[in-house]
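Residue numbers (this note's numbering), protein chains in the order written: chain S, 2 to 238; chain A, 2 to 238.
Don't be surprised by glycine CBs; every beta carbon is placed ideally from N, CA and C.
Note that the structure is a prediction, hence the values are computed from the model and not measured.
Contents: one structure, followed by commentary.
There are 2 protein chains.
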Amino acid sequence: MDIRRRAKQTKRSLETAARSARYEFFAAVARRHRCRTIFLGHHADDLVETFLMNLFRGTGAEGSRSIQTVSVHVVGGTELTVVRPLLSVWRGEIDEYIASAGLRFREDASNADLGPTRNRMRHKMIPLLEKEFGRGIRKAIWRAAAIAAEEDALLEGLLPAGLRASETLSVAQLRSQPIALQRRAIRRWLRAHAIADISFDLIEKVRRLLETEADVAKINLPGDRHARRRSGKLFIE
Amino acid sequence: MDIRRRAKQTKRSLETAARSARYEFFAAVARRHRCRTIFLGHHADDLVETFLMNLFRGTGAEGSRSIQTVSVHVVGGTELTVVRPLLSVWRGEIDEYIASAGLRFREDASNADLGPTRNRMRHKMIPLLEKEFGRGIRKAIWRAAAIAAEEDALLEGLLPAGLRASETLSVAQLRSQPIALQRRAIRRWLRAHAIADISFDLIEKVRRLLETEADVAKINLPGDRHARRRSGKLFIE
């Protein structure tokens, strides 16, 4: 599959296009084998790296699902449950266990080709942060990520049914929610409409459609699409 | 005031002792002038530094109040509202405004003496992160902190009245809450009892008292104090 071309065609980042291709592959395998749960081997060091990368890129909640122990993804009509049972185990502990138990294992060839950002994070930034702030920072970041994942799940559960990624969003219902939930509802809604690369700024632009005195009733979205306010509802066209 | 001695006496970190001395000073001034609201000049760069420092030290929610636009502190019976109106303005923008308007300003002498951690963060780590991940990281971290502050306020509001820092905590009521709120309730409760240096691990230790099958009904707290479960309640002795 040519991910680069696909990213261009769908006007998404290379990384977003690669992730959706990966999940389509998982969903196809799951359908073929009639199983709906997939176990992935991400460990505590992966979690720390991903958390920092999301933080530095401002991905926010969008990226946080990749560091949850259990997450549900709907891919082409297939509901896929992804479980990551090793998120609280460090890479070093896994290596020790493998060595002590004399297990054979297979290293995924793509691990050697990490991509420049994760590579710099793993081999440069985290060792530097440890040197500056002490060996405890890995654990501190892991804890922050664990707390954030719990709070994230809780906040998702607070979204009223009417605001869960329906075709349109009610302006009045959205306005009645705290800002944190407005942002989440909008993020879900844009994602359900397959809007690419949803940033904090984009969400804040959509939130501005909620202001009563707003004379703007239409904003641009990536991929030549638009969000519009009409008759008390938000639409995507 | 000898902060170092005070930290030793109260078995708290130097930084925690310094913060409480600062807030006692604010409260004393507020009482003397019969005002209850204090404006502080922290700006967007301070917020980014504080957010990262809290993250790397695992301070969690404890430290997050220092980067909220409005926060309420009870100090020696005085309720103090702290407002930070400049948290969304960058230091460079403030400097430009001062220069263009020809304003006089006073640099706090203590700014030159930042403390080693904040100093390294400001002059070493953030420039390094910008070099590695691009100039956008300051803004990305600022946004993450802004989202976290909103979500933090929302989650605080979800705590049931019975779990808001009362003398004892009901085990049954605590158990009925999601983990994220259990952690918050315990944190508030320990803070209300002036327990020093509340860490994630300490909170998790207290949470373990909730397990039905726990044979441990008592755990150690800093400062030679204890949390104990008895007759369906948690106590501090």
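Chain-ordered neighbours of residue i on chain S, where CB pairs are closer than 9 Å
i	result
A:R208	The premise fails here: A:R208 is roughly 12 Å from chain S at the closest Cβ pair, so nothing lies under 9 Å.
A:I142	L56, F57 and G59
A:I68	Within chain S, no residue comes near A:I68; the closest Cβ sits about 14 Å away, beyond 9 Å.
A:F40	None at all; the shortest Cβ gap to chain S is about 23 Å.
Integer-rounded CB distance, given that residue j should sit under 8 Å from residue i
i	j	result
S:I220	S:K206	5 Å
A:A28	A:G77	6 Å
S:I187	S:R208	7 Å
A:L155	A:L164	Wrong, their Cβ atoms sit about 16 Å apart, outside the cutoff.
Chain-ordered neighbours of residue i on chain S, where CB pairs are closer than 7 Å
i	result
A:I187	Under the 7 Å cutoff, chain S gives no residues; its nearest Cβ is about 12 Å from A:I187.
A:I180	E151
A:R121	E133
Within 8 Å, strictly: CB atoms of residue i and residue j
i	j	result
A:E133	S:K125	yes
S:R5	S:L15	yes
A:K12	A:G224	yes
A:G59	A:S177	no
S:A150	S:I95	no
S:L235	S:V172	yes
S:R119	S:M54	yes
A:H194	A:I127	no
S:R37	S:E97	no
A:L129	S:L129	yes
A:T265	A:D198	As shown, chain A starts at 2 and ends at 238. That puts residue 265 of chain A outside it, with no answer to give.
A:E131	S:E152	no
8 Å Cβ cut-off: residues of chain S touching residue i
i	result
A:L160	Those within 8 Å of A:L160 in chain S number zero; the least Cβ separation is about 12 Å.
A:L211	Under the 8 Å cutoff, chain S gives no residues; its nearest Cβ is about 15 Å from A:L211.
A:G103	Within chain S, no residue comes near A:G103; the closest Cβ sits about 33 Å away, beyond 8 Å.
A:R20	The contacting residues do not exist; A:R20 stays about 19 Å from chain S at best.
A:L130	F57 and M126
Neighbouring residues, chain A, relative to residue i (Cβ below 8 Å)
i	result
S:K125	E133
S:F27	Chain A residues near S:F27: none, gap ~28 Å exceeds 8 Å.
S:R184	I148 and E151
Contact set between residue i and chain A, taken where Cβ atoms lie within less than 9 Å
i	result
S:E157	What S:E157 touches in chain A: nothing, since even the nearest Cβ is about 11 Å away.
S:R229	Under the 9 Å cutoff, chain A gives no residues; its nearest Cβ is about 25 Å from S:R229.
S:I138	L56, F57, R58 and G59
S:R165	Near S:R165 there are no residues of chain A at all, since even the closest Cβ is about 17 Å away, more than 9 Å.
Contact list for residue i against chain A, beta-carbon separation under 7 Å
i	result
S:G78	The premise fails here: S:G78 is roughly 30 Å from chain A at the closest Cβ pair, so nothing lies under 7 Å.
S:R7	Chain A residues near S:R7: none, gap ~25 Å exceeds 7 Å.
Checklist entry - Would you call the region 70-86 of chain S and the region 176-184 of chain S touching, i.e. three or more CB-CB distances under 8 Å? => result No, the region 70-86 of chain S is not in contact with the region 176-184 of chain S.
Checklist entry - Does the region 48-62 of chain S come close enough to the region 137-144 of chain S that 3 or more CB-CB pairs lie under 8 Å? => result yes
Next on the checklist: I'd like to know if the region 225-235 of chain S and the region 31-43 of chain A are in contact, where contact means that at least 3 CB-CB pairs between them fall below 8 Å.
Outcome noted: no
Checklist entry - If you scan the region 139-197 of chain S from start to end, which runs of the beta strand (DSSP E) of 3 or more residues do you find wholly inside it? => result none
Checklist entry - What are the complete alpha helix (DSSP H) segments, minimum 4 residues, inside the region 34-82 of chain S? => result 45-58 and 62-65
Next on the checklist: Suppose only complete runs of 4+ residues qualify. What are the alpha helix (DSSP H) ranges in the region 96-134 of chain S, listed by chain order?
Outcome noted: 117-121 and 127-134
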